[in-house]
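See below for the structure under consideration.
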Amino acid sequence: MQATRYNYYEILELTANAPQHEVTAAYERARNTYSGENPAIYTIFSEQEAREFLVLIEEAYQILGNKILRNIYDQRLLSGHASLNELTYTSIVEASKQMAPVPAPEKKPAASYEKNADFEKEI
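For reference, each letter of the sequence shown is one residue, going 27 to 149 in our numbering.
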């Protein structure tokens, strides 16, 4: 199972335009379906195969569940310039590290005022 790369959308049974909440729901559904707690799974897969598939499910969710990593994955997947074998978790995370960091917004100074004794009396 490890030698072949899979499309993360196929692993979670999603379309590429699925909204983020569907990614989370598909992940939870897949984890429940392929977890060791589901006795029916062992009629389809061996324990080792089920564990390997759970690793793929986790990997798929780590990419598709993160907006930045998902965007990088989508760009590479849809461009056709990268094969599935090149679209690994590690390569996507490394690509995100090479992106220019977004500068933090400048902190605005706290508002200050001087107490006006005459105004205070009016209040």
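Cβ atoms here follow ideal geometry from the backbone N, Cα and C, with glycine treated the same way.
| query | result |
| --- | --- |
| Relative to the C-alpha of residue 91, which candidate in 144, 42 and 149 has its C-alpha closest? | 42 |
| What residue from 65, 60 and 144 has the CA that sits closest to residue 77's CA? | 60 |
| Whole angstroms is fine: what's the gap from residue 44's alpha carbon to residue 73's? | 30 Å |
| Measure the CB-CB distance between residue 108 and residue 37 and report whether it falls below 7 Å. | no |
| Using the C-alpha atoms, what's the distance from residue 149 back to residue 143? | 10 Å |
| Taking only the alpha-carbon atoms, compute the straight-line gap between residue 67 and residue 55 and give it to the nearest angstrom. | 13 Å |
| Taking 7 Å as the limit between beta carbons, can you name the residues of its chain near residue 89, skipping five residues before and five after? | 34, 95, 96, 99, 115 and 118 |
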